[in-house]
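Peer 1: Residue numbers (our numbering): 6 to 324. Pasting a structure here, questions to come.
The structure is reproduced here in structure tokens:
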């Protein structure tokens with residue numbers, strides 16, 4: 006499964022891959038994999054992804070073209086990626102604003118790297134970097150501030166929360182522990198008295214909350230989550246879903262954690278763990294005909310029943 010950190014690592018590797026291969030035409034795939042610290046299989050998947058990076062339509066060889074001759078690879082067209090990046094004034098200003106916001110975001114890692122990049126761009130942008138800019142904060146920034154204030158007050162909270170995985174809204178009392186940012190989203194970590202366990206609640210899914218008079222007292226066994234690899238960490242006890250995915254929906258293997266991706270002709274067979282089949286059902290129905298569910302049988306039955314019920318709504322009464 007691919008979490009936020011793995012996705013970020015892969016992006017960095019892909020950006021490095023083109024200049025690396027340009028400097029080593031005809032290099033053995035095994036040798037390149039060893040230099041980059043990945044398996045040969047992972048590198049071949051990276052090359053496959055790099056090959057279809059391009060303009061809308063995302064056909065192979067659109068911007069980056071390469072020759073993979075047996076065990077050797079050569080970049081034959083680099084789309085100018087070997088040339089130094091030259092930013093327009095608008096592009097430089099947009100980067101300055103984005104980096105400033107990122108540097109101020111709670112929970113952001115590698116802040117020193119961000120500040121060094123910001124200093125370089127500000128220096129190159131000159132007086133433009135100091136221009137007044139109106140910045141729109143995320144729509145739920147006020148809610149995040151309100152929740153953080155409530156957590157700092159040290160009181161328990163009663164809240165109304167929407168659980169997307171089960172598509173239900175519940176009332177619960179929690180003992181707050183901290184507010185954190187993971188993958189660009191804000192979470193409240195708290196001991197949930199309803200579940201009797203530590204839970205992460207997405208703040209944009211908290212419909213309402215109120216401070217209670219009683220103090221927040223998480224039990225001693227309320228251990229904080231390890232979110233270094235993202236919020237969702239699949240385990241073998243979770244339901245395994247198998248899909249056949251077309252090129253148009255290949256993105257789900259980057260957006261959601263998956264266990265295996267295997268090429269099958271012009272499609273891919275994907276396996277992933279899910280906490281709830283209801284969530285998988287809603288996701289896959291939204292993806293349309295580009296994804297075929299191979300298992301488990303229970304998920305196939307649920308999707309078939311919902312699709313049949315939807316089609317029945319189009320039938321003319323009495324026909």
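All C-beta atoms, glycine included, are put in the ideal place defined by N, C-alpha and C.
Can residue 163 and residue 225 be called in contact, C-beta distance under 7 Å?
Peer 2: no
Peer 1: Please classify residue 256 as buried or exposed, where buried requires at least 16 other C-beta atoms within 10 Å of its C-beta.
Peer 2: exposed
Peer 1: Run through DSSP, which three-state label would residue 201 get?
Peer 2: coil
Peer 1: Can you find at least 3 beta carbon pairs, one from the region 259-273 and one from the region 207-222, that sit closer than 8 Å?
Peer 2: no
Peer 1: For residue 101 versus residue 127, is the C-beta spacing smaller than 7 Å?
Peer 2: yes
Peer 1: If you draw a straight line from the C-alpha of residue 262 to the C-alpha of residue 238, how long is it?
Peer 2: Going from the Cα of residue 262 to the Cα of residue 238 covers about 8 Å.
Peer 1: Of all the options 43, 181, 198, which has the alpha carbon lying nearest to the alpha carbon of residue 155?
Peer 2: 181
Peer 1: With H, G and I counted as helix, E and B as strand and the rest as coil, what does DSSP make of residue 159?
Peer 2: coil
Peer 1: Could you tell me if residue 37 is buried or exposed, where buried requires 16 or more neighbouring beta carbons within 10 angstroms of its beta carbon?
Peer 2: With 16 or more Cβ atoms within 10 Å of its Cβ, residue 37 is classed as buried.
Peer 1: Out of 219, 220, 228, which one is the CA nearest neighbour of residue 194?
Peer 2: 228
Peer 1: Classify residue 142 as helix, strand or coil using the three-state DSSP reduction.
Peer 2: Low confidence applies here, because residue 142 scores a pLDDT of 48, under 50, leaving its location unreliable; read the following figure in that light. Coil, per DSSP.
Peer 1: Looking only at DSSP bridge pairs, what is residue 213 linked to?
Peer 2: 165
Peer 1: Less than 8 Å between C-beta atoms, sequence neighbours within five positions excluded: which residues of the same chain meet that for residue 158?
Peer 2: Counting only Cβ-Cβ distances below 8 Å, and skipping sequence neighbours, we find 216.
Peer 1: Would you check if there are 3 or more beta carbon pairs closer than 8 Å linking the region 170-179 to the region 199-209?
Peer 2: yes
Peer 1: Using a Cβ-Cβ cutoff of less than 6 Å, which residues in the same chain neighbour residue 297 once the five nearest sequence positions on both sides are dropped?
Peer 2: So the list reads 249, once near-sequence residues are dropped.
Peer 1: Taking the DSSP output, what are the residues bridged to residue 71?
Peer 2: 80
Peer 1: In whole angstroms, what is the alpha-carbon distance linking residue 26 and residue 48?
Peer 2: 12 Å
Peer 1: Pick from 289, 78, 232: whose alpha carbon is nearest that of residue 185?
Peer 2: 232
Peer 1: DSSP on residue 30, reduced to helix/strand/coil?
Peer 2: Three-state result, residue 30: coil.
Peer 1: Is it right to say residue 320 is buried, meaning 16 or more other beta carbons lie within 10 angstroms of its own, or is it exposed?
Peer 2: Residue 320 counts as exposed, since fewer than 16 other beta carbons sit within 10 angstroms of its beta carbon.
Peer 1: Please classify residue 20 as buried or exposed, where buried requires at least 16 other C-beta atoms within 10 Å of its C-beta.
Peer 2: exposed
Peer 1: State yes or no: is the C-beta of residue 258 within less than 7 Å of the C-beta of residue 275?
Peer 2: Judged by their CB atoms, residue 258 and residue 275 are nearer to each other than the 7 Å cut-off.
Peer 1: Helix, strand or coil for residue 273 per DSSP?
Peer 2: Under the three-state reduction of DSSP, residue 273 is assigned to strand.
Peer 1: With distances taken from CA atoms, which of 241, 291, 80 is nearest residue 254?
Peer 2: Selection 241, 291, 80 evaluated against residue 254 yields 291 as nearest (Cα-Cα).
Peer 1: Terminal residues of the continuous beta strand (DSSP E) containing residue 177?
Peer 2: Counted as a single uninterrupted DSSP element, the beta strand (DSSP E) harbouring residue 177 occupies residues 173-187.
Peer 1: How would you label residue 169, buried or exposed, when you count the other beta carbons within 10 angstroms and need 16 or more for buried?
Peer 2: Answer is exposed; the Cβ neighbour count stays below 16.
Peer 1: On a CA-only basis, which of 293, 218, 230 is nearest residue 252? Give me that one, please.
Peer 2: 293
Peer 1: Which first and last residues belong to the beta strand (DSSP E) in which residue 249 is found?
Peer 2: 244-250
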